[in-house]
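What follows is a single structure, written as structure tokens, with notes after it.
In full-length UniProt numbering, the protein residues as written are 1 to 109.
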């Protein structure tokens, strides 16, 4: 695939009846693409006759996960743990969207 990278997609359906499809129901398809870039980092420093040093660093796409929990930010602020992960919710339900990245190099620029 050109360009190389990681694609995430999710479809969110907002329905107004638990059993029937109505004409006011909406579906949203959300797409995120993280392009994998191969860029080198160089440093050219000159002090008197000291030779320059070339540095190169490469970082992969961060290992992240996304989940929705039956909880709210208020409960987290109160010290309660996030509720159980859920697959379905209704309009008006309080849910917590949680992104978690384990990669130690995620914030390295």
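Positions of the beta carbon are idealized from the N, C-alpha and C atoms, including for glycine.
So, for residue 86: in the same chain, excluding its five sequence neighbours on each side, which residues have a beta-carbon less than 6 Å away from its beta-carbon?
Residue 86 sits at position 86 when you count from the first residue of the chain shown. Excluding positions up to five away in sequence, the list reads 68 and 70.
Kindly confirm or deny that the segment 30–38 and the segment 2–21 touch, where touching means at least three C-beta pairs closer than 8 Å.
Counting C-beta pairs closer than 8 Å gives three or more between the segment 30–38 and the segment 2–21, which meets the contact rule.
Let me check understanding here. Comparing Cα to Cα, which of 64, 43 and 23 lies closest to residue 6?
Your numbering for residue 6 matches position 6 in the chain shown. Per the Cα distances, 64.
Under the three-state DSSP convention, the category residue 12 falls into:
Here residue 12 refers to the residue found at position 12 of the chain shown. Of the three classes helix, strand and coil, the one that applies to residue 12 here is strand, per DSSP.
Going by DSSP, which residues form a beta bridge with residue 98?
The residue you call residue 98 lines up with position 98 of the chain shown. Looking at the DSSP assignment, residue 98 forms a beta bridge with 67.
When DSSP labels each residue in this structure, what does residue 44 get in the three-state scheme?
By one-based count along the chain shown, residue 44 stands at place 44. Taken through DSSP and simplified to helix, strand or coil, residue 44 comes out as coil.
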